[in-house]
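K.L.:
Shown below is the structure under consideration.
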Amino acid sequence: MTTKPRMSEILADGDPVALDALIPQVYATLRQLAHRQRSYEAAHTLQTTALVNEACLKLLDGSGIAFADQAHLYAYMSRTMRHLLIDRARRKMAQKRQAPAMTEGVAQSNIIDVLALDEALTKLAALDERLARVAELRLFAELSSPEIADTIGVNARTVERDWLKARTFLAACLAPET
1 MTTKPRMSEI
11 LADGDPVALD
21 ALIPQVYATL
31 RQLAHRQRSY
41 EAAHTLQTTA
51 LVNEACLKLL
61 DGSGIAFADQ
71 AHLYAYMSRT
81 MRHLLIDRAR
91 RKMAQKRQAP
101 AMTEGVAQSN
111 IIDVLALDEA
121 LTKLAALDER
131 LARVAELRLF
141 AELSSPEIAD
151 TIGVNARTVE
161 RDWLKARTFL
171 AACLAPET
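Listed below in structure tokens is the structure:
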């Protein structure tokens with residue numbers, strides 16, 4: 001009698017065919033992550049389903065990526081979706097520089113929010129990689145403190161302290177200058 005492989009076994013194995021079969025099982029959660037990602041981009045230039053589909057394609061194109069557990073999968077997918085949105089925002093900014101008259105009606109501040117958040121996370125990563133990772137997992141993957149702790153190998157209390165520091169740093173970076 002053959003047993004159906006558990007999600008953790010599929011993730012740890014990294015088999016592309018098995019990952020392809022796993023996508024429908026986690027699709028609803030991926031849509032929630034994509035919706036959350038899009039909340040940082042007020043312009044909504046990419047629909048939730050399209051964002052999930054592009055991220056899934058990147059996952060399936062990745063050669064032999066293995067994940068320790070579901071939290072690692074969601075963290076990876078969250079980061080992938082974040083990068084897709086950032087790349088899209090950068091392309092849009094480049095188009096505006098090339099043809100400003102054609103894009104005058106589009107609000108530029110909507111795009112800068114995504115780019116400003118990415119820049120703030122990059123600055124934080126330069127100072128403390130773990131703080132940046134905690135912020136990314138909290139903001140984009142919506143992982144709880146215990147899930148983040150398992151993912152990065154620290155205890156939940158450390159994650160809470162790191163999240164407080166990261167949140168303070170990001171707020172200072174993103175606060176409008178007066």
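With the UniProt record's numbering, the residue at position 21 of the sequence shown is 21, and numbering never jumps. Cβ coordinates follow ideal geometry from the N, Cα and C atoms, glycine included.
Thinking D162 and L131 are a contact (beta carbons under 8 Å), I'd like their distance in whole angstroms, please.
P.N.:
As a first step, residue 162 is located in the sequence shown; it is residue number 162 there, counting from the start. As a first step, residue 131 is located in the sequence shown; it is residue number 131 there, counting from the start. Sure, about 5 Å apart at Cβ, within 8 Å.
K.L.:
So is A68 buried or exposed if we call it buried at 16+ other beta carbons inside 10 Å?
P.N.:
As a first step, residue 68 must be located in the sequence shown, where it is residue number 68. That one is exposed.
K.L.:
Taking three-plus beta-carbon pairs below 8 Å as touching, is the region 50-57 in contact with the region 74-83?
P.N.:
yes
K.L.:
How many Å lie between L164 and D61 at the Cα?
P.N.:
Translated into the one-based positions of the sequence shown, residue 164 becomes position 164. Translated into the one-based positions of the sequence shown, residue 61 becomes position 61. Looking at the two C-alpha atoms, the distance is approximately 36 Å.
K.L.:
Kindly list the residues whose CB is nearer than 8 Å to the CB of I86, restricted to its own chain and excluding five residues on each side of it in sequence; keep chain order.
P.N.:
Reading the sequence shown from its first residue, position 86 is the one you call residue 86. Answer for I86: V114, L115 and D118, listed in chain order.
K.L.:
Could you spell out where the alpha helix (DSSP H) holding L143 opens and where it closes?
P.N.:
Your numbering for residue 143 matches position 143 in the sequence shown. L143 -> no alpha helix (DSSP H), and no H or E assigned at all.
K.L.:
With DSSP run on the structure shown, which of helix, strand or coil describes N155?
P.N.:
Looking up residue 155 in the sequence shown gives position 155. N155 falls in the coil class under three-state DSSP.
K.L.:
Can you tell me which of M93, D128, A175 and L30 puts its alpha carbon nearest to the alpha carbon of R82?
P.N.:
For this step, residue 82 is matched to residue 82 along the sequence shown. The shortest C-alpha separation from R82 is found at L30.
K.L.:
Who are the near neighbours of A34 in its chain, counting only those whose CB is closer than 6 Å to its CB and skipping five residues on each side?
P.N.:
Residue 34 sits at position 34 when you count from the first residue of the sequence shown. T48, L51, V52 and M81.
K.L.:
Would V159 and A175 be called neighbours here (beta carbons separated by less than 8 Å)?
P.N.:
Locating residue 159 in the sequence shown gives position 159, where the first residue counts as 1. Locating residue 175 in the sequence shown gives position 175, where the first residue counts as 1. Not closer than 8 Å, so no.
K.L.:
Is it the case that the Cβ atoms of S145 and A156 are separated by a distance below 8 Å?
P.N.:
Locating residue 145 in the sequence shown gives position 145, counting from the first residue. Locating residue 156 in the sequence shown gives position 156, counting from the first residue. Judged by their CB atoms, S145 and A156 are nearer to each other than the 8 Å cut-off.
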